[in-house]
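Protein chains in written order, with the numbering used here: chain S, 223 to 330; chain P, 52 to 203.
In what follows, a single structure is set out as C-alpha cells and then discussed.
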Amino acid sequence: MILTTIESIPGMRVKAHRGLVSGSTVRAKNVVLDFGASMKNFIGGELGSYTNLLAEAREEAIMRMISQANKLKANAIVNVRLATSSITAGAAEVYAYGTAVEVEAIER
Amino acid sequence: MDLLISIIITLFFLLLAFTTGTLIEKAHFNKLKKMEIALIKKPVVTYGTKHYPITRKIKKIELVHGESVIAGDYFKYYVASLKNIFGGRLTTLESIMDRARRQAIVRMKEQAKDANLIVNVRIESAMLNHVDMKNSIPKCAVFAYGTAITYE
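So, in C-alpha cells, the structure goes:
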C-alpha cells in the first residue's frame with residue numbers, strides 16, 4: 223500500500239477511484255505514566271510517554287485506514303491527512319483519512 | 052504567618068521550576084540546533100508544493116511522520132496566567148510550541164534520512180489536556196507528516 227499526502231503518486235497513473243477511507247482510534251496511557259507526566263509538567267521537558275502514545279495512536283489509525291482500503295481492492299491511498307483531537311485529559315484521538323485509488327506504473 | 056509561609060512555598064516552587072525549566076529548555080534548543088544543521092541538506096522539504104519536478108526514476112514512496120509532546124514548567128504557566136490578565140504575547144508559551152514543532156519536524160526528517168525529498172509536509176497540533184478544567188495545563192502535542200520520495 224502506497225500512502226502519499228499529495229494528489230497523485232509520482233511515476234504512477236490513477237486508474238480508478240475507490241472513495242474515502244478512514245480510520246480512527248482513541249488511546250490513553252495508564253495512571254502511573256499519567257502521574258509521571260504531571261510531575262514532568264512541573265519541571266518542564268518532553269513527555270516521552272505521551273509522544274509514544276501519539277505514535278501508537280497514529281500507527282493504529284493508519285492501519286485501520288489501510289485495512290479499509292484493502293477491502294475496497296485499492297492499492298494506494300492519496301491525499302492522506304491526519305487530524306487529532308483531545309476528548310479527555312491524558313487521551314489522544316487520531317483520525318486518518320484519504321482517498322483510496324487503484325494505480326498502475328507509467329511505462330517510460 | 053500562614054500567608055507568609057504560603058508565599059515562601061510558592062516562591063520556592065517558582066524558583067525551582069524556573070531553574071529546571073530553563074536548563075531543560077536550553078539543552079533542548081541546543082540539541083535541536085545540532086540536529087537541524089545535520090539534516091539541513093537532505094532531504095529537501097517542501098511545505099506547500101504538491102508538484103515537485105521529478106526527473107529521475109523513483110524507487111520508493113512512503114508516508115513519514117514525526118511527533119512530540121512538550122510540557123512547559125510551573126514558572127511558565129504562572130507567568131502566562133499573570134500576563135493573561137493584561138493580554139499580549141505569552142512569550143513563555145510560544146517557546147514551548149516552537150520546540151514541539153521543530154522537534155516533530157526533526158523526527159520526521161530523521162525517519163526519511165535516505166529519502167531525497169519530502170513533499171507537502173503538514174503540521175497538526177492538539178492540546179492533550181485542555182478539557183480538564185481543574186488542571187487546564189496545555190501539553191502541546193504536534194504531528195508533522197509528509198510524503199517521502201526516494202530516487203533510484
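Here a beta-carbon is modelled for each residue, glycine too, at the ideal position from N, C-alpha and C.
Quick caveat: nothing in here was measured; it's all calculated off a predicted structure.
Residue-chain proximity (residue i, chain S), Cβ-Cβ < 9 Å
| i | result |
| --- | --- |
| S119 of chain P | yes |
| K108 of chain P | yes |
| Y129 of chain P | no |
| F80 of chain P | no |
| I75 of chain P | yes |
| V182 of chain P | Confidence in V182 of chain P is poor, its pLDDT being 45 and thus under 50, which makes the residue's placement unreliable; the coordinate value appears in the next sentence. Interface residue, yes. |
| G123 of chain P | yes |
| G197 of chain P | yes |
Cut-off 7 Å between Cβ atoms - residues of its own chain near residue i, not counting five sequence neighbours on either side
| i | result |
| --- | --- |
| Y103 of chain P | T97, L168, V170 |
| K110 of chain P | T201, Y202, E203 |
Chain P contact for residue i (CB, 9 Å cutoff)
| i | result |
| --- | --- |
| Q290 of chain S | no |
| Y272 of chain S | yes |
| I249 of chain S | Checking the displayed sequence, the identity of residue 249 of chain S turns out to be Arg instead of Ile. No, R249 of chain S does not count as interfacial toward chain P. |
| V302 of chain S | yes |
| F264 of chain S | yes |
| M285 of chain S | no |
| A277 of chain S | yes |
| S308 of chain S | yes |
| T227 of chain S | yes |
| A296 of chain S | no |
| E326 of chain S | no |
| E268 of chain S | yes |
9 Å Cβ cutoff met for residue i and residue j
| i | j | result |
| --- | --- | --- |
| I121 of chain P | G267 of chain S | yes |
| I147 of chain P | C191 of chain P | yes |
| Q154 of chain P | A199 of chain P | no |
| A166 of chain P | P94 of chain P | yes |
| L114 of chain P | I284 of chain S | yes |
| R158 of chain P | G117 of chain P | yes |
Same chain only: Cβ atoms within 8 Å of residue i, ignoring 5 sequence neighbours per side
| i | result |
| --- | --- |
| Q290 of chain S | V243, S244, G245, A322 |
| G258 of chain S | S271 |
| A151 of chain P | S119, V120, I121, S176, C191, A192, V193 |
| I228 of chain S | V300, N301 |
Spatial neighbours of residue i in its chain, beta-carbon cut-off 6 Å, leaving aside the 5 residues before and after
| i | result |
| --- | --- |
| D124 of chain P | A68, G72 |
Examine the Cβ distances between the region 60-74 of chain P and the region 296-315 of chain S and report whether three or more of them are shorter than 8 Å.
no
Counting Cβ pairs, one atom from each stretch, are 3 or more of them under 8 Å apart for the region 244-253 of chain S and the region 309-320 of chain S?
yes
In chain order, which continuous runs of the alpha helix (DSSP H) of length 4 or greater are located wholly inside the region 248-319 of chain S?
253-265, 270-293
Is it true that the region 82-90 of chain P meets the region 276-286 of chain S, where meeting means three or more beta-carbon pairs spaced less than 8 Å apart?
no
Every unbroken alpha helix (DSSP H) inside the region 67-101 of chain P [4 residues or more]:
none
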